[in-house]
Amino acid sequence: MIGALLPPVLPASIGGAIEFIFEPQSSNVTGGKKVGGLDQVIELMLNQLEVTLFALVLATAIALPIGLYLGHRGVGELFAVGLGNVGRAVPELALIALMAAVIGVGLLNLTIALAVLGIPPILTNAFVGIRQVDRSTVDAARGMGMTEAEILFKVEMPLAVSTLMAGIRSATIAIVATATIGPIAGVLTLGDFIINNNVYGQNGLLAGGILVALLALALEFLLARLQRLLTSRGLRLSEA
Amino acid sequence: MRTTTKRARASAAVLLALFLSIGVAACGSSNDDSTSGEEGGGAIVSNPANGKVTLTIGSKNFPEQEILGEIYAQALKAAGYKVKSALNLGSETVAHKAVTSGQISGYPEYASTALTSFFGLEPEEVPADAQEAYEKAKAEFEKEDLTAFPPTPFASANAVGTLKKTAEKEGLKTISDLQGKSENLSLDGSPECRQRIDCLAGLEKYYGLKFKSFTPVDIGLRYKVLETGQADLSILFTTDAQLSAEKDKFVILEDDKHVFPAGNVIFVSKQSTVEKAGPDYERTIVQVQKGLSLPVVQELDARVELEKQSPAKAAASYLKEAGYTG
């Protein structure tokens, strides 16, 4: 219903949105005070970036070691893959509300809620990536007298880099996009432009969407560079 | 929970009051049944002629609005109309455009919101009298080929609320009492409150208050944030369920400079829709909102927000208990 309603109802324009990003615009409900503009855009974008990085670091710190360990041992497939599927269904809003009673609203609450979103793809991909490594390669490494830790860090992880990084990249996109809910949990992110339609108007809404998309693309680009750096030279076939 | 029995008792009391008032209305209307349709009370009569008209009833996307939208939609269905609903229009801007462009037939709006958001009035220019505010808004709406039906008995407004013990400790009765103290007090409220002139921006401008911090939170989290001490004060709505259910816990500070205009709900509709839908459209809406006093709305809000009933169910039980539907 609402999907059918939206297009004609929204007379936003790309030009208007770009103007909103650079110049403060007047608003119907603020009593004359202008809203938007580059200063506010930068402030909100930095907040969004900050909570995204916190959540990503937390999610990686939890999910990566577990995924690597389970993948290396070859146990817990049901857990690793099952969690990946269940994790995608966690309702963020309910999680924030639940934690509001225990740890309050604010940066910590939002960081944890977003990390929960990032854990499944990282964990599942780490597990699958390590399992996919050719068993005969691992056997050869073991036969050469490598310890289990050496096998994991020197053989399995380098061979699984693209799958591991794919998990981190999906997690990043999910986290940075969802960080727009910040303003309902006490953190002013770019979502402020999207949620508060009455204040920022349709151009502000569109500007918020554009900015989040740009931020996601920028992070994706940085992570792709990082992935290339982490890939051992012998494996960089496509670009050799 | 400790408050459950108190809530149940409050519900029972409100319902009893509702039944009594309906009982009286029913007795009254049975004396002169020729005008009973006009004066409200009594059941909605289905008119087969209305079956040719399809109405799309909208509302904004928070519980009180969804309940109102459901009440109007279900009542119009009972009057014989074909009714669709769009009860999740994000903001008043979207709802206003949806009704102007004819994508919805009508939706409930607060007269105060219409005057300040759509027609550029300052909060202090909004008439305190419900009828006067309604007529002013209606006149403005008519310039856009819209019209508004008469207001509901209840009004809703933003308010500064706090825990009773905080109010006692800080000696707060009115918002002006916050002067000199607000720098050490934190405030929470809905995200858009921060910049709205009928909310935080108005407190800053007209009362000259600066708060230690403002935490934007989801509307559904405001009381939790207040109760757990993460904020000392919160922007509440006068129709909030918690204010009636937990009277001895929360207090509202008097808005002594009238920065938060109170708004009765007026149903906004396109003039052409009103002509096409015939007299039962306005009659039904005005009839079913007669029972919507502040305690009844707080009770309906409580059923949805605290007891997690669906707005549709709460609306249906209101219509049934008030005798509008069988």
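Order-wise, the sequence lines are chains A and B. For the record, in the first sequence the residue sitting at position 132 is 132 according to the numbering used here, with numbers rising by one throughout. Plus 1000 on top of the position in the second sequence (first one is 1) and you've got the numbering used here. A virtual CB, placed ideally from N, CA and C, is assigned to each residue, including glycine.
Item: Distance, Cα to Cα, Gly-167 (chain A) vs Thr-1215 (chain B)?; Value: 33 Å
Item: How big is the Cα-Cα spacing for Thr-1054 (chain B) and Pro-1151 (chain B)?; Value: 24 Å
Item: By a C-beta neighbour count over all protein chains shown, 10 Å radius and 16 as the cutoff for buried, is Phe-1154 (chain B) buried or exposed?; Value: buried
Item: Is the region 1090-1100 of chain B touching the region 1058-1070 of chain B, taking contact as three or more C-beta pairs under 8 Å?; Value: yes
Item: Taking the alpha carbon of Leu-56 (chain A) as the point to measure from, which residue in A:Tyr-69, A:Ala-177, A:Gly-118 has its own alpha carbon closest?; Value: A:Gly-118
Item: For Asp-1177 (chain B), name the three-state secondary structure that DSSP assigns.; Value: helix
Item: Is the region 1267-1274 of chain B in contact with the region 1103-1121 of chain B, if contact means three or more CB pairs nearer than 8 Å?; Value: yes
Item: Nearest by alpha-carbon distance to Ala-89 (chain A): which of A:Leu-70, A:Ala-174, A:Val-35 is it?; Value: A:Ala-174
Item: State yes or no: is the beta carbon of Val-1024 (chain B) nearer than 7 Å to at least one beta carbon in chain A?; Value: Low confidence applies to Val-1024 (chain B): its pLDDT is 43, below 50, so where it sits in the model is not reliable enough to give any reading.
Item: Going by DSSP, what residue range makes up the alpha helix (DSSP H) through Tyr-1318 (chain B)?; Value: 1311-1321
Item: Among B:Lys-1276, B:Leu-1300, B:Pro-1311, B:Asp-1280, whose alpha-carbon lies nearest the alpha-carbon of Ala-1047 (chain B)?; Value: As written in the sequence, residue 1047 (chain B) is Asn, which differs from the Ala given in the question. For the residues B:Lys-1276, B:Leu-1300, B:Pro-1311, B:Asp-1280, the minimum Cα distance to Asn-1047 (chain B) belongs to B:Asp-1280.
Item: For Ser-170 (chain A), which residues of its own chain have a beta-carbon under 7 Å away from its beta-carbon, when the five flanking residues on both sides are left out?; Value: Pro-121
Item: Under a CB-based cut-off of 7 Å, is Thr-1003 (chain B) close to chain A?; Value: With a pLDDT of 46 at Thr-1003 (chain B), under the threshold of 50, the modelled position of this residue cannot be trusted, and the question is left open.
Item: Report yes or no: is there a C-beta of chain B within less than 7 Å of the C-beta of Pro-183 (chain A)?; Value: yes
Item: Could you tell me if Glu-1299 (chain B) is buried or exposed, where buried requires 16 or more neighbouring beta carbons within 10 angstroms of its beta carbon?; Value: buried
Item: Using only alpha-carbon positions, find the residue among B:Leu-1209, B:Tyr-1081, B:Ile-1067 that is nearest to Val-1274 (chain B).; Value: B:Tyr-1081
Item: Taking the beta strand (DSSP E) that Asp-1184 (chain B) falls in, what are its first and last residues?; Value: At residue 1184 (chain B) the sequence reads Asn, which differs from the Asp that was named. Taken as a continuous stretch (DSSP letters only), Asn-1184 (chain B) belongs to no beta strand (DSSP E), as it is neither H nor E.
Item: Write down the C-beta distance between Gly-186 (chain A) and Gly-106 (chain A) rounded to the nearest angstrom, noting that I regard them as a contact closer than 8 Å.; Value: 4 Å
Item: Does Ser-1112 (chain B) come within less than 7 Å of chain A when only Cβ atoms are used?; Value: no
Item: Between which two residues does the alpha helix (DSSP H) carrying Lys-1224 (chain B) extend?; Value: 1222-1227
Item: I want to verify the contact list: residues of chain A whose CB lies under 9 Å from the CB of Val-1225 (chain B), in sequence order.; Value: Ala-100, Gly-104, Val-105, Gly-186
Item: Any C-beta of chain B sitting closer than 7 Å to the C-beta of Val-212 (chain A)?; Value: no
Item: Is DSSP giving Phe-1149 (chain B) helix, strand or coil here?; Value: coil
Item: By the 9 Å beta-carbon criterion, what residues does the region 24-45 of chain A contribute toward chain B?; Value: Ser-27, Asn-28, Val-29, Thr-30, Gly-31, Gly-32, Lys-33, Val-35
Item: Could you tell me whether the region 20-38 of chain A touches the region 78-96 of chain A, using the rule of 3 or more Cβ pairs below 8 Å?; Value: no
Item: Does the Cβ-Cβ distance between Val-1304 (chain B) and Ala-1075 (chain B) come in under 7 Å?; Value: no
Item: Quick one: which unbroken beta strand (DSSP E) runs of 3-plus residues sit fully inside the region 1205-1259 of chain B? Chain order, please.; Value: 1213-1216, 1233-1237, 1250-1253
Item: From what residue to what residue does the beta strand (DSSP E) around Ser-1085 (chain B) run?; Value: 1082-1089
Item: Check this for me: beta carbons of Ala-1167 (chain B) and Phe-1260 (chain B), under 7 Å apart or not?; Value: no
Item: Short of 9 Å Cβ to Cβ, which residues in the region 157-178 of chain A face chain B?; Value: none
Item: Could you tell me which uninterrupted beta strand (DSSP E) segments, each at least 3 residues in length, are contained entirely in the region 1037-1065 of chain B, listed from first to last along the chain?; Value: 1054-1060
Item: Does any residue of chain B bring its CB to less than 7 Å from the CB of Asn-196 (chain A)?; Value: yes
Item: Are the Cβ atoms of Leu-1185 (chain B) and Lys-1224 (chain B) separated by less than 7 Å?; Value: no
Item: For chain A, check one thing: does any of its Cβ atoms lie closer than 7 Å to the Cβ of Ser-1105 (chain B)?; Value: no
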